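The structure appears right after this line, and notes come after that.
Numbering (our numbering), first residue to last: 438 to 701.
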């Protein structure tokens, strides 16, 4: 039936519109610190089964059946947590994660997790996530003495400062966190991820140990968006959208032809 084809094609147009939105968001965040690109996954819908495989016939069970699909829809969106390239910043509180792991910050009454290491200090000297809207304190909290002249962060997360008297003092340890299923994290915006039942409970560790990534001071992780790849996906999505719209036009022409049969 032409109506069935129109509805199937319409579902395809709707799914590819969602895919276009996903690609647009990836491209929009190509310069966002530590942004992780998303990918839309499709699945087919129910099938109208006209004849089941293995149906009995006079000569025995059939080897195949007859069925027609009813379109497609978005199954899920998955995150690509592959590392982005490193950008040197020469800011002593900028820290990039080279490998697996998240920083933990205090977000209001709860905890959130970030890959972006563009940290700064507040008026008390406490290290916070750089944001113009709110001061999210890095966890475990680390306070930089007011008389310190420089801050050093090693690859394994040890934080030391040099005081005004020239003394070297260790003031804290940066921790990393990971999840049994990072794909289950909730994207909250502002570079934040939130733990969910699907992600599992956060596991704390030391950078460079037990599979956790190492840290690099005075650097930030760039977005892992490849503009050329996104543009290729954009063109492919546009063409698939056009093909589905042409299917609707073809089904409409068939219906028009059927409706005009009474004139002959």
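We treat Cβ as the ideally placed atom computed from N, Cα and C, and that holds for glycine. Treat the numbers as computed from the prediction; the structure is a model and nothing was measured.
Query                                                                                                                                                                            : Result
If contact is defined by three or more beta carbon pairs under 8 Å, each pair taking one atom from either stretch, is the region 649-656 in contact with the region 523-543?     : yes
Does the Cβ-Cβ distance between residue 628 and residue 521 come in under 8 Å?                                                                                                   : no
Taking DSSP's pairing of strands, which residues face residue 580 in a bridge?                                                                                                   : 563
For my contact list, residue 637 and residue 621 are in at a C-beta cut-off of 8 Å; report their separation, rounded to the angstrom.                                            : 7 Å
Tell me, which residues are paired with residue 656 by DSSP?                                                                                                                     : 525
Give the DSSP-derived three-state secondary structure of residue 480 in the structure shown.                                                                                     : strand
To which residues of the same chain is residue 472 closer than 6 Å at the C-beta, ignoring the five residues directly before and after it?                                       : 466, 660
Assign residue 630 to one of two classes, buried (16 or more other C-beta atoms within 10 Å of its C-beta) or exposed (fewer than that).                                         : buried
By Cβ distance below 7 Å, which residues in the same chain neighbour residue 508 in space, the five residues on each side in sequence not counted?                               : 444, 445, 448, 449, 482
Drop a sphere of 10 angstroms on the beta-carbon of residue 690, count the other beta-carbons inside from all chains shown, and report buried for 16 or more, exposed for fewer. : exposed
Tell me which residue opens and which closes the alpha helix (DSSP H) that residue 501 is part of.                                                                               : Here residue 501 belongs to no alpha helix (DSSP H), and DSSP marks it neither H nor E.
In its own chain, which residues sit with a C-beta less than 6 Å from the C-beta of residue 553, not counting the 5 before and 5 after it?                                       : 470, 471, 628
Measure the C-alpha to C-alpha separation of residue 474 and residue 685 and round it to an integer number of angstroms.                                                         : 32 Å
Taking 8 Å as the cut-off, does the region 480-498 touch the region 534-552 (at least 3 CB pairs, one atom from each stretch)?                                                   : no
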